[in-house]
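If you're matching positions, the sequence shown starts at 0 in numbering that gives the first Met the number 0 and goes up one per residue.
Data block below; observations after.
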Amino acid sequence: MKKFYQKYRREFSVVVAIIITFAFFGIMNPAYFSVANISTIITQSVTYGLMGIGMTCVIITGGIDLSVGSVLALVACVAAQLAKAGLPIPIWIALCLVIGFGLGIINGFLISKLHLQPFVATMGTMSIYRGLAYVITGGYPVLSVPKSYRNVFNSTLAPNVSVSVLIFFVFAIVMTIVMKKTRLGSHIYAIGGNEDATRLSGVRVVFTKVMAYGIAMLGTTLAAMILVGRLGTGDPSTGQGYELDAIAAAAIGGTSMAGGRGNIFGTVLGAILFSALKCGLITMGVDTFYQFIVTGIVIVIAAYLEIIQNYFLQKKSSKGAQKA
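Here's what the structure looks like:
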């Protein structure tokens, strides 16, 4: 039991933080426990979580992806237009996933093959993808997506619980298997730990990083299609600032911003905590603009907790070496 706790210490901490957050806001405003608010928390968790899972894969390689918010907008607009064009639903889903995956591949190629810094490369594609969203829509939202397409991602499993929740958890499970049980996942962790040593060991670093960025965008693509299903529109202005939300979910869940460490389950918990915190501020009547401040504070605190964790891990390993 002690070993299990030590292995998942960060996740236990996030669970405790979730309980404290719910208790605090519930006491401050009983409406926090209303069905509508809980539904909102779950809905937002899906968006943050899907994007955060993808961001986790990228951060583990030692990178970052600032374009996820723009990809969310671009894919949402494309999905809405294709739906209105009457494309068969299976082809519609497949094509949107291919487009999202392709946008991620472009990011990975710029970073791993052209050796651009992840921050610079994805800041550039963030602007490009956002611009494309405005170009293909003429700057206006794509309205009135047919109900049959919306129902694919917006039907309900239970009262106030959308099928998107199931999609979220299935994606989380699949990505956990990919990261923990496949060669690709092992290589992603290895690159984040020591890229040069990984390359010398024979791992195809370029291929692995390109795939990591491509797979990361699948989560964002699913989030975009769920958004279209929920709202019935594709808005080129949507998703602004969502890259910070995705980073926050990953950082809260214990993903090391230096790379090489992190897990999908932690990010899922991080998304739930982050969503609960944001919804709590809303129920207390805190202005929406202050949420940007809260997001920044959360990221800084998560980064500082990582420093503390690294300090104790190094201290523990040095004691072990002295005993040996």
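We treat Cβ as the ideally placed atom computed from N, Cα and C, and that holds for glycine.
Please read these numbers as outputs of a predicted model, since none were measured by experiment.
Cutoff 6 Å; reference K208; Cβ partners in own chain excluding five residues on either side: Residue mapping note: residue 208 aligns to position 209 of the sequence shown, counting from 1. Result list for K208: T60, G107, S111, in chain order.
Chain-order list of residues whose beta-carbon lies under 6 Å from that of G192 (same chain, five-residue window excluded): The residue you call residue 192 lines up with position 193 of the sequence shown. Taken in chain order, the residues that qualify are G259.
CB-CB length for T219 against G53, believed under 8 Å: The sequence position of residue 219 within the sequence shown is 220, counting from 1. The sequence position of residue 53 within the sequence shown is 54, counting from 1. Sure, about 6 Å apart at Cβ, within 8 Å.
Three-state secondary structure assigned by DSSP to G233: Numbered from 1 along the sequence shown, position 234 holds the residue referred to as residue 233. In this structure, G233 counts as strand in the three-state DSSP scheme.
Limits of the unbroken beta strand (DSSP E) element including L156: Sequence index remark: in the sequence shown, residue 156 carries index 157 (1-based). Residues 155-157.
Ranges of the alpha helix (DSSP H) found wholly within the segment 96-182, counting only runs of at least 4: 117-136, 146-153, 162-180
Among Q239, N262, T287, the one whose alpha carbon lies nearest that of M122: As a first step, residue 122 must be located in the sequence shown, where it is residue number 123. When each option's Cα is compared against that of M122, the closest is Q239.
Inter-residue CB distance, V227 and V144 (contact presumed, cutoff 8 Å): Start at 1 with the first residue of the sequence shown, and residue 227 comes out as number 228. Start at 1 with the first residue of the sequence shown, and residue 144 comes out as number 145. Yes, V227 and V144 are in contact; Cβ-Cβ is about 6 Å, under 8 Å.
Whole-angstrom distance between W91 and N153, CA atom to CA atom: Numbered from its first residue, the sequence shown carries residue 153 at position 154. Numbered from its first residue, the sequence shown carries residue 91 at position 92. Answer to the nearest angstrom: the Cα atoms are 15 Å apart.
Inter-stretch contact (C-beta, 8 Å, three-pair minimum) for the segment 266-279 and the segment 37-57: yes
Segment limits, alpha helix (DSSP H) that includes T39: Here residue 39 refers to the residue found at position 40 of the sequence shown. T39 -> alpha helix (DSSP H) spans 34-59.
Where R9 sits in the DSSP three-state scheme: For the purposes of this step, residue 9 is taken as residue 10 along the sequence shown, with counting starting at 1. Helix, per DSSP.
Buried or exposed (CB count within 10 angstroms, at least 16 for buried), Y139: Residue mapping note: residue 139 aligns to position 140 of the sequence shown, counting from 1. It is exposed - the Cβ of Y139 has fewer than 16 other Cβ atoms within 10 Å.
Alpha-carbon spacing of I88 relative to F288, whole angstroms: As a working note, residue 88 is residue 89 in the sequence shown. As a working note, residue 288 is residue 289 in the sequence shown. C-alpha separation (whole angstroms): 38 Å.
Residue burial classification, V169 (beta-carbon count within 10 angstroms, cutoff 16): Position 170 of the sequence shown holds residue 169. With fewer than 16 other Cβ atoms within 10 Å, it is exposed.
Cβ pair count under 8 Å reaching 3, the segment 273-286 against the segment 16-27: yes
Residue from A247, T282, I271, M283 whose Cα sits closest to the Cα of V297: As a first step, residue 297 is located in the sequence shown; it is residue number 298 there, counting from the start. For the residues A247, T282, I271, M283, the minimum Cα distance to V297 belongs to A247.
Run of the alpha helix (DSSP H) containing A30, from where it starts to where it stops: Sequence index remark: in the sequence shown, residue 30 carries index 31 (1-based). No alpha helix (DSSP H) holds A30; DSSP gives it neither H nor E.
Burial state of Y212, where buried means 16 or more other Cβ atoms lie within 10 Å: The residue labelled residue 212 in the question sits at position 213 within the sequence shown. With 16 or more other Cβ atoms within 10 Å, it is buried.
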